[in-house]
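Below you'll find the structure, written out as structure tokens, and then a few comments.
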Amino acid sequence: METKAEVLKYIFARIQQILPVNIVEAKKNRDYFTFMVENNCSIEFYFQTTQGGHAGKNTFCMGVSAKIRNSFLCNLISTPFNKIDTDGNIIVCFDNNIDWFKQHQMSLSYFFNNKSDKTFDVENFLSDLKKDFFPYIIPFVKRYTKIIDFYSNPGHIQHIRTGKQFSLGVACSLLCRQEEFIEEILVPLAKANEGGWIFRDYFGCTNYIADIVEPIKNYITDNNISFDNI
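Position 19 (the sequence shown) corresponds to 8 in our numbering; numbering is contiguous.
Here it is in structure tokens:
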């Protein structure tokens, strides 16, 4: 395995082997991989590569963007406010090529030099992907009761749909029957991040109970929504 095409073909096959959910359909379009999985969700990868010809014709740097799309979860944080989801059902967005990701261990870019076989380096990359991105897959695809666990680490929260971290926390706490989570964990966490770019929904409202909690609670009740019947 020497060329970029061979590397991407190998990664496409290996991801299908290691994804922790059932794959309904797998598509590869050059640098884009789409895996349709259970619960009408999809997991998508875009591999950004830059050729490094000065170091050999098969030398390149590679980064990755990954997304989880889940229409059910996106509706929970859009429909109660009479808004249409405009982000294409993206609930998690992960990118190892932007500055705030430096707090993680995953390299900002992976360098594959012009040697005979790149398998070892690719497996290291896949190991990092499993460590840093895969923990989101089970909670955000099938085991929704685990989502609130991510709120123990603000570094994890930032990968949740931009600006909707508070609304999602509210919805999941209600559906997990842990409403105390809102006052005990979620509100203090949001306040501690004032001035940042996460929890924008919290700071953008006048009264979080009237503006966020009650609409979500009413939407869940009126539509008989439960994590038990997903």
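Even for Gly, the Cβ is constructed at its ideal location relative to N, Cα and C.
No experiment lies behind these values; they were computed from the predicted model shown.
At a cut of 8 Å, does the region 62 to 69 reach the region 144 to 163 through at least three beta carbon pairs? yes
Whose CA, out of Lys120, Phe83 and Asp117, lies closest to the CA of Gln147? Numbered from its first residue, the sequence shown carries residue 147 at position 158. Closest in alpha carbon position to Gln147, among Lys120, Phe83 and Asp117, is Phe83.
Would you mind reading off the limits of the beta strand (DSSP E) that contains Val81? Locating residue 81 in the sequence shown gives position 92, counting from the first residue. Start and end: Ile79 to Asp84.
Hey, how far is the Cα of Lys107 from the Cα of His145? Translated into the one-based positions of the sequence shown, residue 107 becomes position 118. Translated into the one-based positions of the sequence shown, residue 145 becomes position 156. Pairing Lys107 with His145, the inter-Cα distance amounts to about 30 Å.
Val26 - partner residues in DSSP beta bridges: The residue labelled residue 26 in the question sits at position 37 within the sequence shown. DSSP output for Val26 lists Ile12 and Cys30 as bridge partner(s).
Could you name the residues of the same chain whose beta carbon sits closer than 7 Å to that of Arg3, not counting the 5 residues immediately before and after it, in chain order? Within the sequence shown, residue 3 is the residue found at index 14, counting from 1. Cβ neighbours of Arg3 beyond the five flanking positions: Leu115.
Excluding five sequence neighbours on each side, which residues of the same chain lie with their C-beta closer than 6 Å to the C-beta of Tyr222? A question about residue 222 goes unanswered here, because the residues of the chain that appear run from -10 up to 219.
Length of the line joining the Cα atoms of Asn207 and Asn103: Position 218 of the sequence shown, counted from the first residue, corresponds to residue 207. Position 114 of the sequence shown, counted from the first residue, corresponds to residue 103. Rounded to the nearest whole angstrom, the CA to CA distance from Asn207 to Asn103 is 59 Å.
Would the beta-carbon of Arg150 fall within 8 Å of that of Asp200? For the purposes of this step, residue 150 is identified with residue 161 of the sequence shown, where counting begins at 1. For the purposes of this step, residue 200 is identified with residue 211 of the sequence shown, where counting begins at 1. No, these two residues do not count as a Cβ contact at 8 Å.
If distances are taken between C-alpha atoms only, which option among Arg189, Asn47, Lys46 and Ile80 comes closest to Glu33? On the sequence shown, position 44 is the one that residue 33 refers to. The shortest C-alpha separation from Glu33 is found at Ile80.
Locate the alpha helix (DSSP H) running through Lys161, then write down its first and last residues. Mapped onto the sequence shown, residue 161 falls at position 172. Sequence check: residue 161 is Cys here, not Lys. Here the alpha helix (DSSP H) through Cys161 covers Gln154 to Leu164.
Kindly indicate which three-state DSSP category Ile57 falls into: helix, strand or coil? Taking the sequence shown and counting its residues from 1, one reaches residue 57 at position 68. Ile57: strand per DSSP, three-state reduction.
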